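Visitor: Note that my numbering has the sequence shown beginning at 128, numbered continuously upward.
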Amino acid sequence: MALPPVGSPAPDFTLPSTSGADVTLSALRGKNVLLAFFPLAFTSTCTAEMCSFTEDYDKFSNGDTVILPISVDSVPALAEFKRKENLGVELLSDFRREVSRKYGTLLEERFFSNRAYVLIDREGIIRWTFLEATPGSRRENAEILEQMAKLG
Numbered sequence: 128m129a130l131p132p133v134g135s136p137a138p139d140f141t142l143p144s145t146s147g148a149d150v151t152l153s154a155l156r157g158k159n160v161l162l163a164f165f166p167l168a169f170t171s172t173c174t175a176e177m178c179s180f181t182e183d184y185d186k187f188s189n190g191d192t193v194i195l196p197i198s199v200d201s202v203p204a205l206a207e208f209k210r211k212e213n214l215g216v217e218l219l220s221d222f223r224r225e226v227s228r229k230y231g232t233l234l235e236e237r238f239f240s241n242r243a244y245v246l247i248d249r250e251g252i253i254r255w256t257f258l259e260a261t262p263g264s265r266r267e268n269a270e271i272l273e274q275m276a277k278l279g
């Protein structure tokens, strides 16, 4: 399992979101994009991470970066998670696990994604990646924002 290499074009995808609309990665060209793969809604680390993204939403937005949290949960489960935790980010459902496989984050034996981050620049090129050693670990926003700042 390996994330796509830094410097390579980000593999395109279209996934349903909690907004009710599909999100296509290539349609976001012109903005920086943070893909944030997370294992499962309603778990402690995932809840803390999504709440943290919500708290720092303006910092990401001011950096012209769209946050796309992705999990294998269904859209209804993610919508309930978003509602219950009052999350300010839309969540994407990779229920078929195709994007998690494409990006090398799927833990096949567990059938959910490991926590991973992929930062994509305005031209659709991968500029930074991080795959956590365990699904219970996560990067702090300060580290991610530092990587974003390097994109300019």
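Just so you know, even glycine gets a beta-carbon here, dropped at the ideal spot from N, CA and C.
This one's a predicted model, so the numbers in the text were calculated from it and none came from an experiment.
Strictly by DSSP, which residues pair up with P143?
Guide: BP columns for P143 point to D149.
Visitor: How would you label E176, buried or exposed, when you count the other beta carbons within 10 angstroms and need 16 or more for buried?
Guide: buried
Visitor: Is it buried or exposed, S144, if we count other Cβ atoms within 10 angstroms and call 16 or more buried?
Guide: buried
Visitor: I'd like to confirm the pairing. Which residues does DSSP put opposite Y244 in its beta bridges?
Guide: A163, F257
Visitor: Give the secondary structure of L155 by DSSP, where H, G and I count as helix, E and B as strand, and everything else as coil.
Guide: helix
Visitor: When DSSP builds the beta bridges, which residues end up paired with T174?
Guide: According to DSSP, T174 bridges with nothing at all.
Visitor: In terms of alpha-carbon separation, which member of S198, N189, V150, A269 lies closest to R228?
Guide: S198
Visitor: Output needed for Y230: all residues of its chain with C-beta closer than 8 Å, excluding positions within five of it in sequence on either side, in chain order.
Guide: L130, P131, P138, L162, F164, A243, V245
Visitor: Can you check which of these residues, E270, T141, L155, is closest to E250 by C-alpha distance?
Guide: L155
Visitor: Would you check if the distance between the CB atom of G354 and the CB atom of I252 is smaller than 8 Å?
Guide: Any property of residue 354 remains undetermined from this structure, which presents the chain solely from 128 to 279.
Visitor: Please state whether the Cβ-Cβ distance between V226 and L142 is less than 8 Å.
Guide: Their beta carbons are under 8 Å apart, which means V226 touches L142 by this criterion.
Visitor: Relative to the alpha-carbon of L233, which residue among N159, L167, D149 has its alpha-carbon at the smallest distance?
Guide: Nearest of N159, L167, D149 to L233, Cα basis: L167.
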